[in-house]
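This report refers to the structure that appears directly beneath it.
Protein chains in written order, with this note's numbering: chain W, -3 to 244; chain S, 4 to 339.
As structure tokens, this is what we get:
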């Protein structure tokens, strides 16, 4: 088991050293100045908000889909599962371009509806949704698959209809998987750059702001925003994991 | 009460075929058969939890039906009270009545002290009583039980059988229970249906199935330890070095099934009306709860049941020569 510890420790170092190095490079006064910068604050808030909207939308649409994928056997199910997984595999800039072709100003959707999500908060949420929804759907699907179908049959035998069975038995039994998937999706959304930058350079999310400052002013100016985003993300995710742990 | 006609259901590698079955109102009906025979699927079809590919299931009112799975399927995110109350809440029954019914059942089934417990912390017997209470709370006219005693030890199994008998007479409901244990079927059932490989093989009162098995498979499942086959000529079948007289005159091919306890073992030929006697040598003595099973080599190996008292009195040892005696009426013959 000693070898396990060595490999495990090496992995933690690979993740922690660059992060620690970055944290130590930025001094506290610089960090508080950045935190007071309204542009930075609004970029971070926008990032968190857009990712939250994307996650909420995915909860509403993704959970029923996950249930269908877990419970029903139908022709084309594998293809559907492949489509859901696709955003994880393709480069996110490609995802952004794909979204632009459907939701952009030259698109059929725009010509018909006059609505464009390019350069809007909705566009940012859409990009985040596109690239991160597989995490939630797959977590919920695995959760539903792990729940013995006989629980649902028992509820049905006791007189519950399909909806009642879903909301009173199936859903509560997979809440841990759904919470876990939501945390993953939220995190993936917050970190998204490629798809977001193509669909909405402005308003600026934190990852886009980090890129812009790095591009225009160099590493020194990009670091404080990066550190601030990491610290806020850390607080958010540790809190969510604690909630998850408590429910367990 | 329940009538199944020509019911067929295909599940890929397994199928239920041509099920014709009728369960009467108020009956304690037991579905029996080895694992993988399709008993649970048949129960789900009765409950309307699965649909037949063809055929009809009539007479099941799903508003008055309770279903208990082998693993009880207690909802792990609800405590004991909420599990029992589930069917009542679904029916939007008044809270006061729910409380009264749950407490009444909990008292009847010795669960009062467990009502606020997390169901995951209950013992097997407690879980089972909660599952029974949950199913009975809706006052079903039909209770379907899928091997409710399979996961229990012998003492708890016997206690549960007693409880089910009591609840059956108390509620007057129709009980349909699945089991693979024929002793349990004998102790509970008004009627038994025996299933094998997705087919109903034989249906009838337990005594009839026990004493008149319809086929070799049924006899085997019902615990007939000696099953021989061959032609029957002039009412006799050759078994090892024994021409046994059987209750059949002529057949090209027939089976003769004999229960271990129907063969008598003695040191000398018994003065009795029994027609069949043969000499053999004891090859093994294996103890069991009733006494012992003695293997006797009479050209073919015969299994003989013997009580502990007889075993002690006769002082039977491996290698002893003994006489086996068998009445013709104790032999079951069938040609398939």
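Using N, Cα and C, we set each Cβ at its ideal position, and we do this for glycine too.
Legend entry - Within 8 angstroms of chain S by C-beta, residues of the segment 128 to 153 of chain W in sequence order: 144, 146, 147, 149, 150, 151, 152 and 153
Inset, instruction - For chain W, find out if any of its Cβ atoms is closer than 7 angstroms to the Cβ of residue 198 of chain S; answer yes or no. - result: Counting from 1 along the second chain, the entry for residue 198 of chain S is found at position 195. Taking Cβ atoms only, chain W never reaches closer than 7 angstroms to residue 198 of chain S, which makes this a no.
Inset, instruction - Leaving aside the five residues before and after residue 188 of chain W along the sequence, list all residues of the same chain whose C-beta is less than 6 angstroms from its C-beta, in chain order. - result: Sequence index remark: in the first chain, residue 188 of chain W carries index 192 (1-based). Same-chain partners within the cutoff: 124 and 127.
Inset, instruction - Answer with buried or exposed for residue 159 of chain W, where buried requires no fewer than 16 other C-beta atoms within 10 angstroms of its C-beta. - result: Along the first chain, one-based indexing puts residue 159 of chain W at 163. Flag for residue 159 of chain W reads exposed.
Inset, instruction - Assign residue 231 of chain W to one of two classes, buried (16 or more other C-beta atoms within 10 Å of its C-beta) or exposed (fewer than that). - result: Translated into the one-based positions of the first chain, residue 231 of chain W becomes position 235. Exposed.
Legend entry - Nearest-angstrom Cβ-Cβ length linking residue 23 of chain S and residue 7 of chain S, presumed shorter than 8 angstroms: In the second chain, the residue the question calls residue 23 of chain S occupies position 20. In the second chain, the residue the question calls residue 7 of chain S occupies position 4. With 8 angstroms as the limit, residue 23 of chain S and residue 7 of chain S qualify as a contact, their Cβ atoms being about 6 angstroms apart.
Legend entry - Cβ-based burial, residue 221 of chain W [other Cβ within 10 Å; buried from 16]: Here residue 221 of chain W corresponds to residue number 225 of the first chain, with the count starting at 1. Buried.
Legend entry - Start-end ranges of the alpha helix (DSSP H) lying completely within the segment 12 to 41 of chain W, minimum 4 residues: 24 to 32
Inset, instruction - Flag this pair as touching only if the segment 97 to 109 of chain W and the segment 167 to 180 of chain W have three or more C-beta atom pairs under 8 angstroms; answer yes or no. - result: no
Legend entry - For residue 279 of chain S: DSSP bridge partner residues: By 1-based counting over the second chain, the position of residue 279 of chain S is 276. Paired residues: S/329.
Legend entry - Three or more C-beta pairs below 8 angstroms linking the segment 186 to 202 of chain S and the segment 159 to 173 of chain S: yes
Legend entry - Run of the alpha helix (DSSP H) containing residue 173 of chain W, from where it starts to where it stops: On the first chain, position 177 is the one that residue 173 of chain W refers to. It spans 171 to 187 - the alpha helix (DSSP H) in which residue 173 of chain W sits, taken as one unbroken run.
Inset, instruction - Output, in sequence order along the chain, the residues in the segment 154 to 176 of chain W whose CB is closer than 7 angstroms to any CB in chain S. - result: 154, 155, 156, 160, 165, 168 and 169
Legend entry - Given residue 241 of chain W as reference, the closest of W/51, W/15, W/58 and W/176 once Cα atoms are compared: Locating residue 241 of chain W in the first chain gives position 245, counting from the first residue. The candidate whose alpha carbon is nearest that of residue 241 of chain W is W/176.
Legend entry - Beta carbon of residue 219 of chain W nearer than 7 angstroms to that of residue 30 of chain W: Stepping through the first chain from its first residue, residue 219 of chain W is reached at position 223. Stepping through the first chain from its first residue, residue 30 of chain W is reached at position 34. Not closer than 7 angstroms, so no.
Inset, instruction - Report buried or exposed for residue 126 of chain S, applying the criterion of at least 16 other Cβ atoms within 10 angstroms of its Cβ. - result: For the purposes of this step, residue 126 of chain S is identified with residue 123 of the second chain, where counting begins at 1. Label assigned to residue 126 of chain S: exposed.
Inset, instruction - Check whether the Cβ of residue 318 of chain S lies closer than 7 angstroms to any Cβ atom in chain W. - result: For this step, residue 318 of chain S is matched to residue 315 along the second chain. Answer no: the Cβ-Cβ gap between residue 318 of chain S and chain W never drops below 7 angstroms.
Inset, instruction - Please name the residue, chosen from S/62, S/175, S/248 and S/120, that lies closest to residue 82 of chain S on a Cα-to-Cα basis. - result: In the second chain, residue 82 of chain S corresponds to position 79, counting from 1. Cα-wise, what sits closest to residue 82 of chain S is S/120.
Inset, instruction - Using the Cα positions of residue 208 of chain S and residue 195 of chain S, report the straight-line distance between them to the nearest angstrom. - result: Indexing the second chain from 1 puts residue 208 of chain S at position 205. Indexing the second chain from 1 puts residue 195 of chain S at position 192. C-alpha separation (whole angstroms): 6 angstroms.
Inset, instruction - Could you tell me which of S/323, S/235, S/225 and S/257 sits nearest to residue 269 of chain S, measuring between CA atoms? - result: The count along the second chain starts at 1 and reaches residue 269 of chain S at position 266. When only C-alpha atoms are compared, the closest one is S/323.
Legend entry - Close Cβ partners of residue 239 of chain S (< 8 angstroms) along its chain, the five nearest in sequence each way excluded: Taking the first residue of the second chain as position 1, residue 239 of chain S is located at position 236. Hits under 8 angstroms: 246, 247, 248 and 249.
Inset, instruction - Identify every residue that forms a DSSP beta bridge with residue 252 of chain S. - result: Walking along the second chain from the start, residue 252 of chain S turns up at place 249. Paired residue(s): none; residue 252 of chain S is not in a bridge.
Inset, instruction - With a cut-off of 8 angstroms on the beta carbons, I'd call residue 331 of chain S and residue 279 of chain S a contact; round off their distance for me. - result: For the purposes of this step, residue 331 of chain S is taken as residue 328 along the second chain, with counting starting at 1. For the purposes of this step, residue 279 of chain S is taken as residue 276 along the second chain, with counting starting at 1. Contact flag correct, Cβ pair sits at about 7 angstroms.
Legend entry - DSSP state of residue 164 of chain S mapped onto helix, strand, coil: As a working note, residue 164 of chain S is residue 161 in the second chain. The answer is helix: DSSP assigns residue 164 of chain S an H, G or I state.
Inset, instruction - Find out if the Cβ-Cβ distance for the pair residue 328 of chain S, residue 267 of chain S is shorter than 7 angstroms. - result: Counting from one through the second chain, the residue named residue 328 of chain S turns up at place 325. Counting from one through the second chain, the residue named residue 267 of chain S turns up at place 264. Yes, the pair counts as a contact, with Cβ atoms nearer than the cut-off.
Inset, instruction - Consider the Cβ of residue 183 of chain S: report whether some Cβ of chain W lies at a distance smaller than 7 angstroms. - result: Looking up residue 183 of chain S in the second chain gives position 180. Not one beta carbon of chain W lies nearer than 7 angstroms to the beta carbon of residue 183 of chain S.
Inset, instruction - Pull up the distance between the alpha-carbon of residue 184 of chain S and that of residue 151 of chain S, whole angstroms please. - result: For this step, residue 184 of chain S is matched to residue 181 along the second chain. For this step, residue 151 of chain S is matched to residue 148 along the second chain. One C-alpha to the other measures close to 11 angstroms.
Inset, instruction - Decide yes or no for the touch test of the segment 202 to 210 of chain W against the segment 178 to 185 of chain W: beta carbon pairs closer than 8 angstroms, at least 3 of them. - result: no
Inset, instruction - With 8 angstroms as the limit, tell me which residues of the segment 91 to 125 of chain S have their beta carbon closer than that to any beta carbon of chain W; keep them in chain order. - result: Shown in chain order are the members of the segment 91 to 125 of chain S whose Cβ falls below 8 angstroms from a Cβ of chain W: 93 and 94.
Legend entry - Option nearest residue 16 of chain W by Cα separation, candidates W/190, W/163 and W/223: Looking up residue 16 of chain W in the first chain gives position 20. Comparing Cα positions, the closest option is W/223.
Legend entry - Sequence-distant residues of its chain with Cβ nearer than 7 angstroms to residue 27 of chain W (five each side left out): Position 31 of the first chain, counting from 1, holds the residue named residue 27 of chain W. Correct list, in chain order: 220, 223 and 224.
Inset, instruction - Check the Cβ of residue 5 of chain S against every Cβ in chain W and list those closer than 8 angstroms, keeping chain order. - result: Position 2 of the second chain, counted from the start, is the residue given in the question as residue 5 of chain S. Close to residue 5 of chain S, with beta-carbon spacing below 8 angstroms, lies no residue of chain W; the smallest spacing is near 14 angstroms.
Legend entry - Residues that residue 136 of chain S contacts on chain W, provided the C-beta gap is smaller than 7 angstroms: Position 133 of the second chain, counting from 1, holds the residue named residue 136 of chain S. Simply none; closest approach about 12 angstroms.
Legend entry - N- and C-terminal bounds of the beta strand (DSSP E) containing residue 70 of chain S: By 1-based counting over the second chain, the position of residue 70 of chain S is 67. Start and end: 68 to 71.
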